[in-house]
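Following: one structure in structure tokens, then a few remarks.
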Amino acid sequence: MSFDPAKPTLLSTLVRHYDELVDHIRRRFGDRSMARDVVHDVCVQLLERGEKEDVRTPLALLRKISHDAAVSRYRSDRRRGAWVEAISELPEVACPAATPMTRYDTAREFQLLVDAIAGLPPRCQAVFVMHKIHEIPQAEVAARLGISIKTVEKHLRLGLAACRQRLGRDEVHP
Amino acid sequence: MTKQPEQAPLDEALGRHRDELKQLFPMPPSRPAPSKR
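If you read the sequences in order, they're chains A and B. For the first sequence, this note's numbering puts the final residue at 174, and the numbers step up evenly by one. For the second sequence, this note's numbering puts the final residue at 1037, and the numbers step up evenly by one.
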């Protein structure tokens, strides 16, 4: 490769017109930092691949090379951004298998509920079991036990308070 | 009966164990309504 010191090379043109090239890219893509990166990449390419011979208008060629590199970078960034966005929008899927800790908590919760219900006075327990466990409507519970709905409500309140107190005491978070 | 705000977690807990609780606490016998004359 012949080298004519009088003839400007691509590299020397890039050094001389560095700011102008960065500004050229920034004007089209609106990002000075990205423009600098692009011109640096072009500079590295020139150093790695060597000079092209017989370049009549080195600045115009550098503009073209820089512009193409910027387009390529912009497309690549946009693809990466879309991918990251798509990943972040995916729903978090909970693993259906219970962890050992969850299984322990669930078993503990069950035991506390059993203790609470077993500890209720007989009539209160009957009301609670009918409505809360066997899901019999309150009016039907009242009819079946021959008590008023108000009494059913009172027993339910007591039953719920007992369960809540028992669960709260143990701080179970299944 | 109006559902209290703090009742939801308890109802959820009862729902989680309803089948086992049904086994442990079978349906209580109904008390026959007193006959009206």
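Glycine is no exception: its CB is placed at the ideal position from the N, C-alpha and C atoms.
Just so you know, the alpha carbons of A116 of chain A and E140 of chain A end up roughly 24 Å apart. DSSP places R28 of chain A within a helical segment (H, G or I) once states are collapsed to three.
In this structure the region 102–121 of chain A does not lie against the region 62–76 of chain A, because fewer than three pairs of beta carbons, one per stretch, are closer than 8 Å.
DSSP, reduced to helix, strand and coil, places F1025 of chain B outside both helices and strands of the structure shown, so it counts as coil.
Judged by beta-carbon spacing, A35 of chain A lies beyond the 8 Å limit of V15 of chain A, meaning their Cβ atoms are not closer than that value. Look at the region 39–96 of chain A and you find these whole runs of alpha helix (DSSP H), each 4 residues long or longer: 58–89. Taking C-beta atoms as the reference points, L1024 of chain B and V114 of chain A count as a pair closer than 8 Å.
Contacts with chain B (Cβ-Cβ distance below 7 Å) from the region 117–134 of chain A involve I117, A126, V129, M130, K132, I133 and H134, listed in chain order.
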